[in-house]
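In what follows, a structure is listed as structure tokens, so that the remarks can point back to it.
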Amino acid sequence: MCGIFGYINYLVERDRQFIIDTLLNGLSRLEYRGYDSAGMAVDGDKKNEVQAFKEVGKVAKLRELIAESKPDMTKSFESHAGISHTRWATHGTPTRQNCHPHRSDATWEFAVVHNGIITNYKELKALLESKGFRFETETDTECIAKLAKYLYDQHPDIEFTVLAKAVIKELEGAFGLLLKLSLPARVPPLVIGVRTSKKMKVDFVDVEFSEEGALPAEQASQNAAIKKSSASLLAPPDKSLLHRSQSRAFLSDDGIPQPAEFFLSSDPSAIVEHTKKVLYLEDDDIAHIHEGQLNIHRLTKNDGTSNVRTIQTIELELQEIMKGKFDHFMQKEIFEQPESIVNTMRGRLDTVNKKVTLGGLRQYISTIRRCRRLIFIACGTSYHSCMAVRGVFEELTEIPIAVELASDFLDRQAPVFRDDTCVFVSQSGETADSLMALRYCLERGALTVGVVNVVGSSISLLTHCGVHINAGPEIGVASTKAYTSQFVAMVMFALSLSEDRASKHQRREEIMEGLGKISEQFREILKLNDSIKDMCAKFFKDQKSLLLLGRGAQFPTALEGALKIKEISYLHCEAVMSGELKHGVLALVDENLPIIMILTRDNLFTKSLNAYQQVIARGGRPIVICNPDDPEFSAAQTEKIAVPKTVDCLQGLLNVIPLQLVSYWLAVGEGLNVDFPRNLAKSVTVE
Ligand code: F6R
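Per this note's numbering, residue 605 is the first one in the sequence shown, and the count goes up by one each step.
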């Protein structure tokens, strides 16, 4: 999805080459999120002049365009603000015109880049058109720049933050945006990296709250009317309502602002190469960077939430977001899994004393034990990981479990009660459907738990408590290591919840022992890489369709495998619950249809074998994922992928890895760009 990157230097002299390179590098770090065009705005040669560059396609093409335009790269700026963007088209096709940044007018008085959606842009556009503005693009974003200009023209001495607040008050939807010189955010979040030559005085920034919202009551009601009728536009808020505090972190001992650089991004991966000091904005924060100072303002009055934002040190290392010796991020991430699941368990699972400690849940665990229902809510791969652990939750906790696709849950406006616990599972922590479902559950008073990879993401900030899965940055669009880490994190969650159940003691110990061995078993499976690659070339090349069959806990594995194959290799692949085969799908089976069947031993093995027999009887020649030396599949002609045996409820962790490899090699075999599959984005921040 769209990515934002901004770079501000204050009293740190930088030439245009440095500024443009910093912006381009920032954008290339965001490429993995998925996008179709890119653009940037930097200062021009004359005062108050802006140079914008926009191009359809990859960041490399934007780089070429800039080189062809030959701007004076030696021009130097003591202080400068540059903004840039990768766009994933939602309103309007990917064209240069629709690329961000967008402008208020021909002089670029206001330039804006934006991530998310403005749901009331049509009303705003109609209103601004009636005021004489001429729109140049099909985007929802353009109305932000024009709105800022309209308000500013009416009140030329308005403070920038007051103006930003007034603009944001009019916008509906979920968005993060950079207005040149200003940075307001309302989901998806923005991270600000700071680099100063001297140590910062304090490691926090004060938050300034509005006393009665930003607007006096009379204006606020006037605005509400505007939103409905779009008849006239608001007067800006009274600036006497704003207090202006000093941003203490960036002042020297004598109170003078010190040289500083600010890196603004949708994602810390674009910042880590410049600085490790970052600050995460919360929902509705407006960050205003002016003359080397960062101030945070709120649209709302102080509701008891924290009045500071901490400047944290991120632990991300540059090599974590580089491909290293691998050809693709997805491949790297598949091969990282023996370590990433250990990181998920580190400090939490004590296999010697058979104990699980999840610090992020400690305060809430007894409340969760008493809940009426556990509802898992997620999308895509994260939804599959929830399905994969449903059985173990039911078994260990005996709490009724529901697993919901976030979009469907919202479409149905499903009933949620105060004594429900709702678990939101998301790699990015930004998926719009999951986030909206979270807000829906919060409004209904349910306890909410996040199982999230990205620290500081919206879901991790908005949930009452949670578990970070600690899988490390996942850059490949197809989720792999996040799936296995979510799985492990949730199994540990189930183990924690059942700690007080004597009847589950033995079973819990068995699962913990199993978890202790999983990493080594992952390594064993990854040794199958070459044979899986050959198998893909031999059996699946030029096929039109593929069936994946699994039963019980292995049905989610089949679903996840089918999603990976579809999204990366564009081969139609359908996961079928093997018990359902006889109810229709069997009609597809013949000697030509490629089929993979998951047939590792568990309590449903005999039933799963029935499906296998049904396929064989129709001339099918399925490839079988089974345990090593299973006599059932000893015939020399049976194609097998042998995976080690583990505790039944963990077997899906092992079985999914060959399927990840199948999807990877299928895509590579087709010459496809594994890390950037068509029409997909890493963080799906639109509904
Ligand atoms: C598939 C994939 C997607 C995501 C889904 C949810 O490989 O990555 O299906 O799982 O978009 O994303 P998160 O987990 O970030 O909420």
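For each residue, glycine too, the CB sits at the ideal point set by N, CA and C.
Asked: When you compare the CB positions of R620 and V646, do they come within less than 8 Å of one another, or not?; Found: yes
Asked: Distance, Cα to Cα, D640 vs T690?; Found: 7 Å
Asked: So is the beta-carbon of V1288 under 7 Å away from any non-hydrogen atom of the ligand F6R?; Found: yes
Asked: Below 8 Å on the Cβ atoms is my contact criterion, and I expect L1119 with M949 to pass it. Report the Cβ-Cβ distance as a whole number of Å.; Found: 6 Å
Asked: Indicate, with yes or no, if the ligand F6R has a heavy atom lying under 7 Å from the CB of G984.; Found: yes
Asked: If I measure Cβ to Cβ from D1104 and keep anything under 8 Å in the same chain, skipping five residues before and after, which residues do I get?; Found: R973
Asked: Identify, in the order they occur along the chain, each residue of the same chain with its Cβ nearer than 6 Å to the Cβ of E1195, setting aside the five sequence neighbours on each side.; Found: G1223
Asked: If you draw a straight line from the alpha carbon of Q967 to that of T961, how long is it in whole angstroms?; Found: 12 Å
Asked: Note the first and the last residue of the continuous alpha helix (DSSP H) segment covering L666.; Found: 663 to 673
Asked: Report yes if the C-beta of K1170 is less than 7 Å from at least one heavy atom of the ligand F6R; otherwise report no.; Found: no
Asked: Considering Cα atoms alone, identify which of L1051, T1035, A1010, D1234 is closest to R1022.; Found: L1051
Asked: Which full runs of the alpha helix (DSSP H) of 4+ residues lie inside the region 1042 to 1092, going along the chain?; Found: 1062 to 1066
Asked: Report yes if the CB atom of I915 is closer than 8 Å to the CB atom of V876, and no otherwise.; Found: no
Asked: Buried or exposed for G1275, going by 16 or more other Cβ atoms inside 10 Å?; Found: exposed
Asked: Tell whether a beta-carbon distance below 8 Å holds between L1066 and L1042.; Found: yes
Asked: Whose C-alpha, out of V993, E919, L782, W1269, is nearest the C-alpha of G1076?; Found: E919
Asked: For a test of the three-state rule: what should DSSP assign to V1189, helix, strand or coil?; Found: helix
Asked: I'd like to know if the region 746 to 754 and the region 724 to 731 are in contact, where contact means that at least 3 CB-CB pairs between them fall below 8 Å.; Found: yes
Asked: K880: which of I1245, I670, V795, S1212 sits nearest, CA to CA?; Found: V795
Asked: For the beta strand (DSSP E) that contains F1028, what are its first and last residues?; Found: 1024 to 1030
Asked: Compare the beta carbon distance of V1027 and F1091 with 8 Å and say whether it is the shorter of the two.; Found: no
Asked: Based on DSSP bridge pairs, tell me the residues matched to D954.; Found: K959
Asked: Measuring only from the beta carbon, is A749 closer than 7 Å to any heavy atom that is part of the ligand F6R?; Found: no
Asked: With a cut-off of 8 Å on the beta carbons, I'd call I670 and I722 a contact; round off their distance for me.; Found: Incorrect: roughly 28 Å between the Cβ atoms, too far for contact.
Asked: Is the beta carbon of A1082 within less than 7 Å of some heavy atom of the ligand F6R?; Found: yes
Asked: Is S1032 near the ligand F6R, going by C-beta to nearest heavy atom under 7 Å?; Found: yes
Asked: So for T985, helix, strand or coil by DSSP?; Found: helix
Asked: In three-state DSSP terms, what is Q916?; Found: strand
Asked: Would you check if the distance between the CB atom of K674 and the CB atom of D649 is smaller than 8 Å?; Found: no
Asked: Quick check: the Cα distance between K1186 and V1180, rounded to an integer number of angstroms?; Found: 11 Å
Asked: Taking only runs of the beta strand (DSSP E) that begin and end inside the region 695 to 762, which ones reach a length of at least 3 residues, in chain order?; Found: 715 to 722
Asked: Which residues in the same chain as Y987 place their Cβ atom closer than 6 Å to its Cβ, once the five residues preceding and following it in sequence are excluded?; Found: L1009
Asked: In whole angstroms, what is the alpha-carbon distance linking Q897 and R913?; Found: 14 Å
Asked: From the DSSP output, read off the bridge partner residues of P861.; Found: L855
Asked: Is R1155 helix, strand or coil when you go by DSSP?; Found: coil
Asked: Looking only at C-alpha atoms, which of L782, V996, A1006 sits nearest to S1102?; Found: V996
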